[in-house]
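Accompanying notes for the structure given below.
There are 2 protein chains.
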Amino acid sequence: MSKEFEKIERFISLFGPPPAPRGPGDDGCLLPVRGGHLCMTTDALVEGVHFSRKHFSLEEVGHKALATNLSDLAAMGAAPDFWLCALGLPPRLGGRQLEALARGMLPLAQRYKLKLSGGNLTASPVLSITLSLGGWAKKPLLRSGAKAGDKLYIVGVLGEASAGLWGMQRGLRVPKCFLEAQKRPRPWVEAALALAPYAHAAIDVSDGLLQDLGHLCRASGLGARLEGGALPISEALWRCFPKRALSFGLRGGEDYALLLAISPRGARHMEREWAASPWPLSCIGSFIDLPGIWLDGRRMGTRGFEH
Amino acid sequence: MSKEFEKIERFISLFGPPPAPRGPGDDGCLLPVRGGHLCMTTDALVEGVHFSRKHFSLEEVGHKALATNLSDLAAMGAAPDFWLCALGLPPRLGGRQLEALARGMLPLAQRYKLKLSGGNLTASPVLSITLSLGGWAKKPLLRSGAKAGDKLYIVGVLGEASAGLWGMQRGLRVPKCFLEAQKRPRPWVEAALALAPYAHAAIDVSDGLLQDLGHLCRASGLGARLEGGALPISEALWRCFPKRALSFGLRGGEDYALLLAISPRGARHMEREWAASPWPLSCIGSFIDLPGIWLDGRRMGTRGFEH
Chain A
5 MSKEFEKIER
15 FISLFGPPPA
25 PRGPGDDGCL
35 LPVRGGHLCM
45 TTDALVEGVH
55 FSRKHFSLEE
65 VGHKALATNL
75 SDLAAMGAAP
85 DFWLCALGLP
95 PRLGGRQLEA
105 LARGMLPLAQ
115 RYKLKLSGGN
125 LTASPVLSIT
135 LSLGGWAKKP
145 LLRSGAKAGD
155 KLYIVGVLGE
165 ASAGLWGMQR
175 GLRVPKCFLE
185 AQKRPRPWVE
195 AALALAPYAH
205 AAIDVSDGLL
215 QDLGHLCRAS
225 GLGARLEGGA
235 LPISEALWRC
245 FPKRALSFGL
255 RGGEDYALLL
265 AISPRGARHM
275 EREWAASPWP
285 LSCIGSFIDL
295 PGIWLDGRRM
305 GTRGFEH
Chain B
5 MSKEFEKIER
15 FISLFGPPPA
25 PRGPGDDGCL
35 LPVRGGHLCM
45 TTDALVEGVH
55 FSRKHFSLEE
65 VGHKALATNL
75 SDLAAMGAAP
85 DFWLCALGLP
95 PRLGGRQLEA
105 LARGMLPLAQ
115 RYKLKLSGGN
125 LTASPVLSIT
135 LSLGGWAKKP
145 LLRSGAKAGD
155 KLYIVGVLGE
165 ASAGLWGMQR
175 GLRVPKCFLE
185 AQKRPRPWVE
195 AALALAPYAH
205 AAIDVSDGLL
215 QDLGHLCRAS
225 GLGARLEGGA
235 LPISEALWRC
245 FPKRALSFGL
255 RGGEDYALLL
265 AISPRGARHM
275 EREWAASPWP
285 LSCIGSFIDL
295 PGIWLDGRRM
305 GTRGFEH
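If you read the sequences in order, they're chains A and B.
When the letters of the first sequence are read in order and numbered with this note's numbering, they come out as residues 5 to 311.
When the letters of the second sequence are read in order and numbered with this note's numbering, they come out as residues 5 to 311.
Okay, structure coming up:
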């Protein structure tokens, strides 16, 4: 058995027995088909582009790779079900390090009972992790579904992940929660599934609020009004970076917050149902029948974060 | 709109309108669910590992990336349906080159009406193409389904792809068909779908006949007997490399031939039905209730080709 197969075996074994009816170890995976929509997503993390080994442990890289893909599924209103894992491994990265990567993925994979249904390993000059996730949506959320008058909700906080990156890259001491936000983003899967029935549209904030909200607006043929005072930018962020906090919040990337468009009527039902929401849920504005994004009456550009 | 989105737009536009109900441009893809099994596969090509830009045009790289994934689906008995395309692009690779890559994928994507249902672009030090394909199988073919006494069939030829690589790397003049086999492998999709009803098991030969047949044998708890004279090793290969032809045929990689285990009774039906088979179909041996692979009575190792 070659080293490659050993590495695959080792990797797979961490995720428990193969899913029914058949998973890793064959040329592809097979999954019984159910009602609803199959939802697939794919996303990659590349060393030197999305993370540096200087600042990230392999566990953190593994966590982040799976979390960002889960965030995409959540933004589609899809319940995660299975995943394919394609890895590019530099020669110096051995079996123990591959295991560290897998250990970083394991808690999320277990939490969401994700079936590792296939994958690929190849040599590569730098570490790269390309995941494809599949899930099932009864009522899928598209970017194009928002209506004028819908309220704009957000789950999660803004700006801390980019503040964490900023601090890390400059060797500044920043609150631990900023580093956590950068290294261990939380995918809002449960929130998305709970709120999907009330929502017309959704997107996850990966490239900055303005940029991703801009995508949602363009896809829906609308604009949006934002209330600056309602943005979930933490006091810690304001205190730590008084001059940059708003910019981090509006244009910083990798928040993996969830944006939802919900009708005023839906919002009333939703707020009643989720009066004691376990998630950091805020209403930050509304959709309008006018292009552009307006923050407290001022028109904003939608350029965001590039990795 | 950032350069990345422009590149994505440009890439997607080559493949025609997005699939129903929703494809690229959202966080993930949505597909209506049908009867049967969903079959997913993922495979990557990395510059410097699987190809060099010196020997491969970008069109050839694009073709090969899609062909190898289609070959995996074929080996599962699955009809290809959709794909996700994750690309790692070095800075020097511009829009025109990305288009060349896409043009290489286009003929196969069109031939099999593949829906480009999602993807990801990222910067990367070298070009990498990671595809995930999805298809539907009424009767999926696993590696583990072979029975003792089954005949071993192969669709395709052996050894020419590795002979092509050998020649290319050494600057030798080799027949054009060897280079074609290396650069433009043909996925046996139609053959696989036509023959699947007769087959117990299948695998595609990507790492050499002995290695991949070894996988099939181990998964099925069997061994196999091969008849040397029946192996589809071309006269051109024997003539060009009299001393190496057998080694290329048995251990050379990237043939993307299709191995099938078919019961003697199924084989009779199949041979009647496909008397005038449009594919290069050969019976090269049979499965036996004894571990190991035996070529004309001699036990063979199953070490194959590593990229």
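We put the CB at the ideal spot given by N, CA and C, even for glycine.
Let's see if you can read the secondary structure: which residues bound the beta strand (DSSP E) around residue i?
{"i": "H204(A)", "result": "203 to 209"}
{"i": "W242(A)", "result": "Premise fails: W242(A) lies in the alpha helix (DSSP H), 239 to 244, not in any beta strand (DSSP E)."}
{"i": "G123(B)", "result": "119 to 127"}
{"i": "V50(B)", "result": "41 to 50"}
{"i": "G338(A)", "result": "Shown here, chain A extends from 5 to 311; a query on residue 338(A) therefore has no answer."}
{"i": "R302(A)", "result": "302 to 304"}
Roughly how many whole angstroms lie between the Cα atoms of residue i and residue j?
{"i": "G171(B)", "j": "K117(B)", "result": "34 Å"}
{"i": "L250(A)", "j": "L217(A)", "result": "16 Å"}
{"i": "R190(B)", "j": "L214(B)", "result": "20 Å"}
{"i": "Q173(B)", "j": "C181(A)", "result": "52 Å"}
{"i": "D47(B)", "j": "A165(A)", "result": "32 Å"}
{"i": "R276(B)", "j": "L62(B)", "result": "42 Å"}
{"i": "P268(B)", "j": "F245(B)", "result": "35 Å"}
{"i": "L135(B)", "j": "H204(A)", "result": "31 Å"}
{"i": "A167(B)", "j": "G92(B)", "result": "29 Å"}
{"i": "A60(B)", "j": "R272(A)", "result": "It should be pointed out that residue 60(B) corresponds to Phe in this sequence rather than to Ala. Distance between the alpha carbons of F60(B) and R272(A): 59 Å."}
{"i": "I133(A)", "j": "R243(B)", "result": "44 Å"}
{"i": "L235(B)", "j": "A104(A)", "result": "44 Å"}
{"i": "R177(B)", "j": "P111(B)", "result": "28 Å"}
{"i": "V50(A)", "j": "C221(A)", "result": "29 Å"}
{"i": "S56(B)", "j": "G253(B)", "result": "23 Å"}
{"i": "W278(B)", "j": "L102(B)", "result": "41 Å"}
{"i": "I297(B)", "j": "P201(B)", "result": "26 Å"}
{"i": "I266(A)", "j": "L264(B)", "result": "53 Å"}
{"i": "C287(A)", "j": "D76(A)", "result": "21 Å"}
{"i": "D259(A)", "j": "V209(A)", "result": "6 Å"}
{"i": "P295(A)", "j": "R307(A)", "result": "15 Å"}
{"i": "A280(B)", "j": "P129(B)", "result": "49 Å"}
{"i": "K247(B)", "j": "R303(B)", "result": "20 Å"}
{"i": "G3(B)", "j": "A83(B)", "result": "Any answer about residue 3(B) is impossible in this case: the structure gives chain B only from 5 up to 311."}
{"i": "I207(B)", "j": "G81(B)", "result": "10 Å"}
With respect to the alpha helix (DSSP H) encompassing residue i, which residues constitute its N-terminal and C-terminal limits?
{"i": "R58(B)", "result": "First, the amino acid is wrong: residue 58(B) is Lys here, not Arg. Here K58(B) belongs to no alpha helix (DSSP H), and DSSP marks it neither H nor E."}
{"i": "L220(A)", "result": "213 to 224"}
{"i": "W140(B)", "result": "No alpha helix (DSSP H) holds W140(B); the beta strand (DSSP E) holding it covers 132 to 141."}
{"i": "W283(B)", "result": "Neither: W283(B) is in no alpha helix (DSSP H) and is coded neither H nor E."}
{"i": "M80(A)", "result": "M80(A) -> no alpha helix (DSSP H), and no H or E assigned at all."}
{"i": "S166(A)", "result": "164 to 174"}
{"i": "G108(B)", "result": "99 to 115"}
{"i": "A196(B)", "result": "193 to 199"}
{"i": "L299(A)", "result": "Unbroken run through L299(A) is the beta strand (DSSP E), 297 to 299; no alpha helix (DSSP H)."}
{"i": "K180(A)", "result": "180 to 187"}
So residue i and residue j are in contact, right, with Cβ under 8 Å, and what is the actual spacing, rounded?
{"i": "G87(A)", "j": "L137(A)", "result": "Note that residue 87(A) corresponds to Trp in the displayed sequence, not to Gly. W87(A) to L137(A), Cβ: 5 Å. Contact."}
{"i": "P179(A)", "j": "L131(A)", "result": "The Cβ separation is near 28 Å, so there is no contact."}
{"i": "F106(B)", "j": "G66(B)", "result": "The sequence given here places Ala at residue 106(B); Phe does not occur at that position. Indeed, because the Cβ distance is near 6 Å, the residues count as touching under 8 Å."}
{"i": "G163(A)", "j": "I237(A)", "result": "5 Å"}
{"i": "A78(B)", "j": "L262(B)", "result": "6 Å"}
{"i": "E64(A)", "j": "G108(A)", "result": "6 Å"}
Let's test the definition: count the other Cβ atoms within 10 Å of the Cβ of residue i and tell me whether it reaches 16, buried, or not, exposed.
{"i": "G27(B)", "result": "At G27(B), the pLDDT of 37 sits below 50, so the modelled position is not reliable; the number obtained from the coordinates is stated separately. Buried."}
{"i": "Q186(A)", "result": "buried"}
{"i": "E239(B)", "result": "exposed"}
{"i": "G212(A)", "result": "buried"}
{"i": "A90(A)", "result": "buried"}
{"i": "H41(B)", "result": "buried"}
{"i": "D154(B)", "result": "buried"}
{"i": "A71(B)", "result": "buried"}
{"i": "L299(A)", "result": "buried"}
{"i": "K119(B)", "result": "buried"}
{"i": "G98(A)", "result": "exposed"}
{"i": "D293(B)", "result": "exposed"}
{"i": "G305(A)", "result": "exposed"}
{"i": "K68(A)", "result": "buried"}
{"i": "P144(A)", "result": "buried"}
Between residue i and the ligand FMN, is there a pair consisting of the residue's CB and a ligand heavy atom that are separated by less than 7 Å?
{"i": "D216(B)", "result": "Ligands are entirely absent from the displayed structure, and the ligand FMN is therefore not among its contents."}
For residue i, go through chain D and note every residue whose CB falls closer than 7 Å to its CB, in chain order.
{"i": "L88(A)", "result": "Within the model displayed, chain D is absent; protein chains A and B are what it includes."}
**Message:** Using a Cβ distance threshold of 8 Å, determine whether the region 230 to 239 of chain B contacts the region 110 to 125 of chain B, with at least three qualifying pairs required.
**Reply:** no
**Asked** Pairing CB atoms from the region 191 to 208 of chain A with CB atoms from the region 150 to 166 of chain A, are three or more of them under 8 Å?
**Response** yes
**Request:** Report yes or no: do three or more beta-carbon pairs, one from the region 146 to 156 of chain A and one from the region 218 to 226 of chain A, lie closer than 8 Å?
**Result:** yes
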